[in-house]
Amino acid sequence: MAWLRDIDSWFLAEVLPHAAAYLARAAHFCGRDEADDLVQEAYARVLGTSDFRAIQAPRSFVLTIVHNLAIERLRRASVVRIDYLASLEVLEMADPTPDAFTVSSARSELTHLLKLIDALPPQCGRVLHMRKIQGMAPAQIAEALSISLSTVEKHLAKGLALVTRARRDNNAGLEVACSIVPNSKRLATT
Amino acid sequence: MLDSPELETPGDDLIEDAARWLASLDAGSEDMRAFEAWRDADPRHAAAFAEVAGTWHALNDLKHFKAAPFAPAGPVTDAEVAEQDENPASSPTGSRRTLLRAGIGIGVLALAGGSFTYRAAARDMASTDIGQRRKIVSGTDMAVDLNTDSRIYWKDGAPLQLWLERGEIAIRLVAGNSLSLITQGGTFHLAAGFYNARLRDESCELTIIQGQGRLGDDPKILAAGETALATAGLATVRRDENEIDRVTSWRSGTLVLNGESLDYALAEMNRYLEHKIVIGDPGLSKLRIGGTFDTADPSEFLLALQTSFSIRTRRDGNGGVVLTRA
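Written as structure tokens, this is what we have:
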């Protein structure tokens, strides 16, 4: 895609596929609510790297960033779950093999995507279907549905955003099965 | 376009912003410069965009995996294709080799002779004229994009066989398949992946975007990121970071130039044009050009030449364009 720089393509191919692992790690430290935000911040750091080609193991690299960001946050926080702080020190926390996280098969991801499209608001789903599955150009879609090009654009944007969000939630779902989050609830003030 | 509201929670609305940018880029209603300014303003923007682009990409695969349930004996019409697409859950039936179908934008499958008859031993053919692009899907196993002025034949089996007779193609081969790509420069044996193949004089240039392959009986593995120029069955391999961009940009109808000479730029541009652009002043040919240009409409390219290098353009008697110094 002409819109993607090298670093973006690399990010897509090497970093994003392990989203579930990053989320699991982040949730381990900060809880589910903050995990998304922490991972987004880690992504921003990764994309801010000047020499991404030097990164040998993107997955571990991002996990380390998540870890470090979590420590920063925890140190700033006024209330900290001390079991987390303890576990920060022993962070030879097992990183489950990538396979545990990668989507079970390409086909199941595709079935999932199809379901997501079906679940979109009707016109929105129709436009996305025409653009991406039938391969029609935006202008053709506008003509076929008798709507303006900018409306086609709005539907596409909306559909894309919804599907992207849903994929993210799907990843978060995968995390539950694989996470090794301790359940203790001890609190301490710092 | 994006008059972003002040009260936005990062994470969520960035995805929406990024999706809006992607949709506008896709529809061509926003220019790259504005987009780049937005993306470069904050790495969070870049991350959100990459995530949305990932979805966009994944949806592409949907197109290739979707089984067409039925291939009629006559040409496939828009209406029929639309009907099939309304029912994505319908299961694939019938022999896989009959499941041939072009994208709806093309309307009618132009197979050999203009109509599609089932011939067990025959090859199927698809071609494009100058300036055309088209996508051909062979069952659920393979999708081929044809660039301007190209012709292919293909035949089902294990491995699949694909003949590139003219022009340039991009091949996406689904996992579990292998392909023999037969060209005038030699035969490539390819595993599942994503490839670009282009004929040049007596040779064939294959770029491996994803996947791997071999040329003929040579045991040497050609890996992702490599470009092999096959001439008389022998490969010369090179690796060039910019190559991937260059060989994939045509699928979006753009020509990417990174400081190539005007000679080269015109040769590339002219592949898409019925009325060729020629250099009327030899002194111009070594000019270096950079940028991304629309191959369907050369006016943008000509305007860039005019404003950056004060090159004058005039039409010759046959509709061609001649470039001279102003």
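Chains as they are written, first to last, in this note's numbering: chain A, 3 to 192; chain B, -14 to 311. Glycine is no exception: its CB is placed at the ideal position from the N, C-alpha and C atoms.
Can you list, in chain order, the residues of its chain whose CB lies under 8 Å from that of Glu326(B), leaving out five sequence neighbours each side?
Residue 326(B) lies beyond the stretch modelled for chain B, which goes from -14 to 311, so this question has no answer here.
Using only CA atoms, which one of Trp148(B), Ala176(B), Gly152(B) lies nearest to Ala160(B)?
The count along the second sequence starts at 1 and reaches residue 160(B) at position 175. Selected option, being the one with the closest Cα: Ala176(B).
Kindly list, in the order they appear in chain A, the residues whose Cβ is closer than 8 Å to that of Ser14(B).
The count along the second sequence starts at 1 and reaches residue 14(B) at position 29. Neighbours of Ser14(B) on chain A, chain order: Leu151, Ser152, Glu155.
For chain A, is any of its Cβ atoms less than 8 Å away from the one on Ala106(B)?
For the purposes of this step, residue 106(B) is identified with residue 121 of the second sequence, where counting begins at 1. Model confidence at Ala106(B) stands at a pLDDT of 47, short of 50, so the residue's coordinates are unreliable; what they give is reported in the following sentence. No - not a single Cβ of chain A is within 8 Å of the one on Ala106(B).
The segment 233 to 250 of chain B touching the segment 196 to 206 of chain B, judged by at least three CB pairs closer than 8 Å:
no
Ile262(A): first and last residue of the uninterrupted alpha helix (DSSP H) it sits in
This structure gives no information on residue 262(A), because the portion of chain A shown stretches from 3 to 192.
Check whether chain A comes within 8 Å of Arg118(B), counting only Cβ atoms and requiring the distance to be less than that.
What you label residue 118(B) is simply residue 133 of the second sequence in a count that begins at 1. Answer no: the Cβ-Cβ gap between Arg118(B) and chain A never drops below 8 Å.
Go to Asp109(B), then tell me how far its beta strand (DSSP E) extends in each direction, as first and last residue.
As a working mapping, residue 109(B) is identified with position 124 in the second sequence. Its beta strand (DSSP E) spans residues 109 to 112.
Can you list, in chain order, the residues of the segment 9 to 42 of chain A whose Cβ is nearer than 7 Å to any Cβ on chain B?
Asp10, Phe13, Leu14, Leu18, Asp38, Asp39, Gln42
If you draw a straight line from the C-alpha of His174(B) to the C-alpha of Ser11(A), how long is it?
The residue you call residue 174(B) lines up with position 189 of the second sequence. The residue you call residue 11(A) lines up with position 9 of the first sequence. When rounded, the distance between both Cα atoms is 26 Å.
Within 8 Å, do at least three Cβ pairs link the segment 45 to 65 of chain A to the segment 25 to 34 of chain B?
yes
Terminal residues of the alpha helix (DSSP H) in which Asp248(B) lies:
Translated into positions along the second sequence, residue 248(B) becomes position 263. First-last of the alpha helix (DSSP H) with Asp248(B): 247 to 255.
Answer yes or no: does any C-beta atom of chain B fall closer than 8 Å to that of Thr104(A)?
Looking up residue 104(A) in the first sequence gives position 102. Below a pLDDT of 50, predicted positions are generally treated as unreliable, and Thr104(A), at 42, falls in that range; no measurement from the model is reported.
Determine, for Ile0(B), whether the minimum Cβ-Cβ distance to residues of chain A falls below 8 Å.
Taking the second sequence and counting its residues from 1, one reaches residue 0(B) at position 15. Interface residue, yes.
Count the other C-beta atoms from every protein chain shown that fall within 10 angstroms of the C-beta of Val17(A), then say buried if there are 16 or more, exposed otherwise.
Here residue 17(A) refers to the residue found at position 15 when the first sequence is read from its first residue. Val17(A) is buried by the Cβ-count criterion.
Ignore the nearest five residues each way along the sequence and tell me which others in Gln169(B)'s own chain have a CB closer than 7 Å to its CB.
Counted from its first residue, the second sequence places residue 169(B) at position 184. Leu184, Glu187, Cys189.
C-beta atoms of Leu65(A) and Ala23(A) nearer than 8 Å
Looking up residue 65(A) in the first sequence gives position 63. Looking up residue 23(A) in the first sequence gives position 21. In contact: Leu65(A) and Ala23(A) (Cβ atoms closer than 8 Å).
Does the Cβ of Ser295(B) have 16 or more other Cβ atoms within 10 Å, making it buried, or fewer, making it exposed?
For the purposes of this step, residue 295(B) is identified with residue 310 of the second sequence, where counting begins at 1. Answer is exposed; the Cβ neighbour count stays below 16.
Give me the Cα-Cα distance between Asp109(B) and Ala215(B), rounded to the nearest whole angstrom.
Indexing the second sequence from 1 puts residue 109(B) at position 124. Indexing the second sequence from 1 puts residue 215(B) at position 230. Going by the C-alpha atoms only, they are around 24 Å apart.
Going by alpha carbons, who is nearest to Gly268(B) out of Asp16(B), Ser246(B), Val37(B), Asn181(B)?
As a position in the second sequence, residue 268(B) is number 283, starting the count at 1. Considering only alpha carbons, the answer is Ser246(B).
In the structure shown, what three-state DSSP assignment does Asn303(B) receive?
Residue mapping note: residue 303(B) aligns to position 318 of the second sequence, counting from 1. Note: Asn303(B) maps to coil in three-state DSSP.
Strictly below 9 Å CB to CB, what residues from chain A border Ala250(B)?
Taking the first residue of the second sequence as 1, we reach residue 250(B) at position 265. By Cβ distance, chain A contributes nothing, its closest Cβ being about 16 Å from Ala250(B), past 9 Å.
Residues of its chain near Arg27(A), where Cβ-Cβ distance is below 6 Å and the 5 sequence neighbours each way are ignored:
In the first sequence, residue 27(A) corresponds to position 25, counting from 1. Only Leu65, Val68 meet the Cβ criterion.
Quick check on the burial criterion: 16 or more other C-beta atoms within 10 angstroms. Buried or exposed for Arg119(B)?
Counting from one through the second sequence, the residue named residue 119(B) turns up at place 134. With 16 or more Cβ atoms within 10 Å of its Cβ, Arg119(B) is classed as buried.
Helix, strand or coil for Arg297(B), going by three-state DSSP, please let me know.
Within the second sequence, residue 297(B) is the residue found at index 312, counting from 1. Strand.
Quick check on the DSSP output: what are the complete beta strand (DSSP E) runs of length 3 or more inside the segment 172 to 250 of chain B, in order along the chain?
178 to 185, 188 to 195, 198 to 200, 211 to 216, 219 to 224, 239 to 246
At 8 Å on the CB atoms, spell out the chain B contacts of Gly50(A), in chain order.
The residue given as residue 50(A) occupies position 48 in the first sequence. Pro28, listed in chain order.
Would you mind reading off the limits of the beta strand (DSSP E) that contains Glu153(B)?
Along the second sequence, read from residue 1 onward, the residue named residue 153(B) stands at position 168. 153 to 158 is the span of the beta strand (DSSP E), which, as asked, contains Glu153(B).
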